[in-house]
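Student:
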Amino acid sequence: MKQFKLFIILFLLFLVQGTVMPRFFYSTSDASVQMVPQFVFVALLLVTLFGRLDWGFRYSLLFGFLTDIIFTPVLGVYAFSMALTVYLTYRLSRWVTITVVSALLLSNFGLLVEQFIVYLIYLMIGMTQQSFWAFLSAHLVPTMLLNAAFALISFYPLRRVMESTAGKR
Amino acid sequence: MPSFFSNKKLIVLLTSLIVLIALISYSLKNETHASLPERFAQDTVGWFQYVLNVPAQYAAGFFQNIDDMRGAYQENKKLKSDLEHYAQVEQQNEELTHSYNQMKKLLGINKDPNLFDYKKYPAMVIARSSDAWNQQLTIDKGRLNGIKAGMAVVNDQGLIGKVGSVGNFTSKVFLITDTQDVSQISAIIQKANTYGMITGYNPNAGTLSLQKVPINAKIKKGQSVLTSGLSRMYPKLLSIGKIVSVSTDQYGLTKTAKIKPSVDFNDLNYVAVIERKAASAGTGGQ
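These protein sequence lines are chains A and B, in that order.
In this text, residue positions in the first sequence follow this note's numbering: the first is 16, and each later residue adds one.
In this text, residue positions in the second sequence follow this note's numbering: the first is 11, and each later residue adds one.
(1) Verify the CB distance criterion: does B/Gly174 have a CB-CB separation below 8 Å to chain A?
(2) Output the distance between the C-alpha atoms of B/Ile229 and B/Lys252, rounded to the nearest integer angstrom.
(3) Am I right that A/Ile84 and B/Glu48 are in contact with their C-beta atoms under 8 Å? What's the rounded C-beta distance?
(4) So what's B/Leu278 in DSSP terms, helix, strand or just coil?
(5) Is A/Ser122 near A/Ala166, with beta carbons less than 8 Å apart?
(6) Measuring alpha carbon to alpha carbon, tell me which of B/Val22, B/Ile34, B/Tyr60 ends up nearest A/Phe35.
(7) Let's test the definition: count the other Cβ atoms within 10 Å of the Cβ of B/Asn276 and tell me whether it reaches 16, buried, or not, exposed.
(8) Using a Cβ-Cβ cutoff of less than 8 Å, which residues in the same chain neighbour A/Gln49 once the five nearest sequence positions on both sides are dropped?
(9) Hey, B/Gly177 and B/Gln52 are a contact pair by Cβ (cut 8 Å); roughly how many whole angstroms apart?
(10) Taking B/Ala137 as part of the beta strand (DSSP E), name the residues at either end of that continuous run.
(11) Could you list which residues in chain A have their beta carbon closer than 7 Å to that of B/Ser26, in chain order?
(12) Alpha carbon to alpha carbon, what distance is there between B/Leu30 and B/Asn144?
(13) If we count the other Cβ atoms within 10 Å of its Cβ and call it buried at 16 or more, is A/Ser179 buried or exposed?
(14) Give a yes or no on whether the minimum CB-CB distance between B/Phe275 and chain A is below 8 Å.
(15) Is B/Pro271 helix, strand or coil by DSSP?
(16) What are the start and end residues of the beta strand (DSSP E) that includes B/Ala162?
(17) Pairing CB atoms from the segment 203 to 218 of chain B with CB atoms from the segment 85 to 101 of chain B, are three or more of them under 8 Å?
(18) Quick one: which chain A residues come within Cβ less than 8 Å of B/Tyr36?
(19) Along chain B, which residues have their Cβ under 7 Å away from the Cβ of A/Phe39?
(20) Sort A/Gly141, A/Ser146, A/Leu126 by Cα distance to A/Pro52 and report the nearest one.
(21) What separation, rounded to the nearest whole angstrom, lies between the Cα atoms of B/Leu220 and B/Ile170?
(22) Taking the alpha carbon of A/Thr87 as the reference point, which residue from B/Asp77, B/Gln146, B/Val163 has its own alpha carbon closest?
(23) Over what stretch of residues does the alpha helix (DSSP H) that includes B/Leu248 continue unbroken?
(24) Does the distance from the CB of B/Lys231 to the CB of B/Thr264 come in under 8 Å?
(25) Please report the distance separating the alpha-carbon of A/Phe185 from that of A/Phe65.
(26) For chain A, is any of its Cβ atoms less than 8 Å away from the one on B/Ile208?
(27) Given B/Lys158, which residues of its chain have a CB within under 8 Å of its CB, disregarding the five upstream and five downstream residues?
(28) Under three-state DSSP, which class holds B/Phe179?
(29) Find out if the Cβ-Cβ distance for the pair B/Tyr244, B/Ala133 is shorter than 8 Å.
(30) Does any C-beta atom of chain B lie closer than 8 Å to the C-beta of A/Gly33?
(31) Who are the neighbours of A/Tyr137 on chain B, taking C-beta pairs under 8 Å?
(32) Measure the Cβ-Cβ separation of B/Ser238 and B/Tyr280 and say whether it is below 8 Å.
(33) Return the CA-CA distance between B/Ser272 and B/Gly216, expressed in angstroms with no decimal places.
(34) Report the three-state DSSP secondary structure of B/Thr204 (helix, strand or coil).
(35) Contact criterion: CB-CB distance below 8 Å. Does A/Glu178 meet it with respect to chain B?
(36) For the beta strand (DSSP E) containing B/Gln221, name the first residue and the last one.
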């Protein structure tokens with residue numbers, strides 16, 4: 016039940032992502048700058064980098080499916096890409112020690128891979144007609160900047176939460 | 011080679027790929043019909059979204075107010091000039107409605123509902139998919155409020171989309187800017203009095219395309235495009251947008267036009283779900 020705190024944090028981030036963020040800025044599909052908040056996913060990557068692959072994997076499936084159900088008409092795309100990327104990032108993270116810089120780089124790498132997989136699947140099933148160039152310049156770069164800022168802000172608080180939950184076990 | 015296939019992780023990956031493909035094909039098949047667990051998740055999360063939406067809206071409204079104040083003077087001048095025009099239009103409207111109703115009475119069809127009569131269900135936007143690929147909203151009204159899949163959704167500026175899957179207390183709205191949405195909207199071009207079909211959205215240009223307009227129709231830039239009411243769910247005269255350019259289609263048989271939607275899709279807070287009163291064409295209503 017120590018995970019409960021983490022679950023609450025992730026769920027709040029999920030709500031912020033869908034309900035609060037679109038109130039302040041929103042990117043339509045024709046916008047030339049598409050900043051997409053992926054806060055839950057970035058937090059999950061950080062959780063994984065702090066050494067809890069099991070939680071990261073489990074919650075990436077859970078919140079991936081929630082994203083699919085609530086925000087998209089197609090099931091499974093986010094769940095698949097989030098869970099796969101969490102695992103890949105974990106494998107990569109075993110080669111480095113986790114500091115702010117390496118966590119920032121790794122979480123951004125994970126985000127890049129995740130967005131790329133989702134884009135590929137959506138392109139294949141005809142959910143988007145965004146060109147690859149538009150995806151790179153308009154979508155990926157602004158999204159990574161926004162989420163890097165989020166990763167930077169949330170690194171220390173999240174680590175404290177993880178340490179406190181790990182300590183109580 | 012045998013060790014390659016006994017690799018547990020590869021098998022897990024392949025299995026999950028198969029599951030993914032199965033899930034995708036399942037959900038592409040029944041787009042508007044959500045299964046019970048989906049509806050449950052949608053409603054449960056919807057409740058939390060509804061609660062969080064209130065402070066979020068206040069905060070966003072505060073910044074909006076500051077922004078509004080800067081343009082208030084210019085806006086006020088414009089509104090004043092519009093208001094003079096408005097009084098005249100209102101009188102005209104009253105006069106026309108009166109004579110219209112009288113004529114209907116004369117014809118003995120005053121009991122029939124008009125194509126443009128509808129019932130409005132006001133609703134609040136409680137969430138919005140934030141990746142730019144899915145153009146989808148969640149609103150705080152569901153089946154228990156009388157919402158059905160396929161109904162038109164408008165805001166004060168015009169048509170924004172249609173209801174997708176409906177939960178008990180929440181429902182999803184697919185916007186007309188969704189490139190994946192294949193539904194066609196029957197439209198009428200005002201002044202030219204010609205019909206056409208809205209067939210899709212072009213995200214690169216930010217325009218809807220209107221097709222199947224007769225080749226000799228006198229349509230030009232600036233004319234308004236509205237729903238025609240010649241469909242199952244949409245009433246007549248919901249504003250869709252304005253024509254920005256006209257061209258001939260690739261075979262030279264019909265005209266096509268690009269339409270700029272009248273709605274600002276960046277800022278959607280309150281919407282209304284529209285249930286049309288007239289019977290559908292397919293049900294043999296009078």
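Glycine included, every Cβ here is placed at the ideal spot set by N, Cα and C.
Tutor: The short version:
(1) The residue given as residue 174 of chain B occupies position 164 in the second sequence. Taking Cβ atoms only, chain A reaches closer than 8 Å to B/Gly174, which makes this a yes.
(2) Numbered from its first residue, the second sequence carries residue 229 of chain B at position 219. Numbered from its first residue, the second sequence carries residue 252 of chain B at position 242. Answer to the nearest angstrom: the Cα atoms are 11 Å apart.
(3) What you label residue 84 of chain A is simply residue 69 of the first sequence in a count that begins at 1. What you label residue 48 of chain B is simply residue 38 of the second sequence in a count that begins at 1. Going by Cβ atoms, the distance from A/Ile84 to B/Glu48 rounds to 5 Å, so yes, they are a contact pair.
(4) By 1-based counting over the second sequence, the position of residue 278 of chain B is 268. DSSP places B/Leu278 in coil when its eight states are reduced to three.
(5) Position 107 of the first sequence, counted from the start, is the residue given in the question as residue 122 of chain A. Position 151 of the first sequence, counted from the start, is the residue given in the question as residue 166 of chain A. For A/Ser122 and A/Ala166, yes; Cβs fall inside 8 Å.
(6) Counted from its first residue, the first sequence places residue 35 of chain A at position 20. Reading off the sequence, residue 35 of chain A comes out as Val, not Phe. When only C-alpha atoms are compared, the closest one is B/Tyr60.
(7) The sequence position of residue 276 of chain B within the second sequence is 266, counting from 1. Exposed, by the Cβ-count rule.
(8) Here residue 49 of chain A is taken as the residue at index 34 of the first sequence, counted from 1. If we look at A/Gln49 and ignore the five residues flanking it on each side, its Cβ neighbours are Ser42, Ala153, His154, Pro157, Thr158.
(9) Residue 177 of chain B sits at position 167 when you count from the first residue of the second sequence. Residue 52 of chain B sits at position 42 when you count from the first residue of the second sequence. Confirmed, about 4 Å.
(10) Position 127 of the second sequence, counting from 1, holds the residue named residue 137 of chain B. First-last of the beta strand (DSSP E) with B/Ala137: 128 to 138.
(11) Residue mapping note: residue 26 of chain B aligns to position 16 of the second sequence, counting from 1. In chain order: Phe95.
(12) The sequence position of residue 144 of chain B within the second sequence is 134, counting from 1. The sequence position of residue 30 of chain B within the second sequence is 20, counting from 1. Looking at the two C-alpha atoms, the distance is approximately 18 Å.
(13) As a first step, residue 179 of chain A is located in the first sequence; it is residue number 164 there, counting from the start. It counts as exposed.
(14) For the purposes of this step, residue 275 of chain B is taken as residue 265 along the second sequence, with counting starting at 1. Yes - at least one Cβ of chain A is within 8 Å of the one on B/Phe275.
(15) Here the question's residue 271 of chain B lines up with position 261 in the second sequence. If DSSP states are grouped into helix, strand and coil, B/Pro271 belongs with the strands.
(16) Here the question's residue 162 of chain B lines up with position 152 in the second sequence. 162 to 165 is the span of the beta strand (DSSP E), which, as asked, contains B/Ala162.
(17) no
(18) Within the second sequence, the letter at position 26 stands for residue 36 of chain B. Here the neighbours are Leu90.
(19) Within the first sequence, numbered from 1, the residue matching residue 39 of chain A stands at position 24. Chain B residues near A/Phe39: Ala70.
(20) Residue 52 of chain A sits at position 37 when you count from the first residue of the first sequence. It is A/Leu126.
(21) Position 210 of the second sequence, counting from 1, holds the residue named residue 220 of chain B. Position 160 of the second sequence, counting from 1, holds the residue named residue 170 of chain B. Their backbone Cα atoms lie some 16 Å apart in a straight line.
(22) Position 72 of the first sequence, counting from 1, holds the residue named residue 87 of chain A. With distances taken between Cα atoms, A/Thr87 lies closest to B/Gln146.
(23) Along the second sequence, one-based indexing puts residue 248 of chain B at 238. Looking at the DSSP string, B/Leu248 is not in any alpha helix (DSSP H), and its letter there is neither H nor E.
(24) Taking the first residue of the second sequence as position 1, residue 231 of chain B is located at position 221. Taking the first residue of the second sequence as position 1, residue 264 of chain B is located at position 254. Taking 8 Å as the Cβ cut-off, B/Lys231 and B/Thr264 do not qualify as a contacting pair.
(25) Residue coverage of chain A in this structure runs from 16 to 184, which leaves residue 185 of chain A outside it and unanswerable.
(26) Along the second sequence, read from residue 1 onward, the residue named residue 208 of chain B stands at position 198. Chain A contact via Cβ: absent.
(27) In the second sequence, residue 158 of chain B corresponds to position 148, counting from 1. Excluding sequence neighbours, B/Lys158 sits near Val173, Val176, Glu285.
(28) Within the second sequence, numbered from 1, the residue matching residue 179 of chain B stands at position 169. If DSSP states are grouped into helix, strand and coil, B/Phe179 belongs with coil.
(29) Taking the first residue of the second sequence as position 1, residue 244 of chain B is located at position 234. Taking the first residue of the second sequence as position 1, residue 133 of chain B is located at position 123. In this structure, B/Ala133 does not lie closer than 8 Å to B/Tyr244 by Cβ.
(30) Working through the first sequence from its first residue, we reach residue 33 of chain A at position 18. Closer than 8 Å: yes.
(31) Counting from one through the first sequence, the residue named residue 137 of chain A turns up at place 122. Simply Trp143.
(32) Counting from 1 along the second sequence, the entry for residue 238 of chain B is found at position 228. Counting from 1 along the second sequence, the entry for residue 280 of chain B is found at position 270. No, the Cβ-Cβ distance between B/Ser238 and B/Tyr280 is not below 8 Å.
(33) Here residue 272 of chain B is taken as the residue at index 262 of the second sequence, counted from 1. Here residue 216 of chain B is taken as the residue at index 206 of the second sequence, counted from 1. Looking at the two C-alpha atoms, the distance is approximately 11 Å.
(34) Counted from its first residue, the second sequence places residue 204 of chain B at position 194. Strand, per DSSP.
(35) On the first sequence, residue 178 of chain A is found 163 positions in, with the first residue counted as 1. Taking Cβ atoms only, chain B never reaches closer than 8 Å to A/Glu178, which makes this a no.
(36) By 1-based counting over the second sequence, the position of residue 221 of chain B is 211. Taken as a continuous stretch (DSSP letters only), the beta strand (DSSP E) holding B/Gln221 covers 217 to 224.
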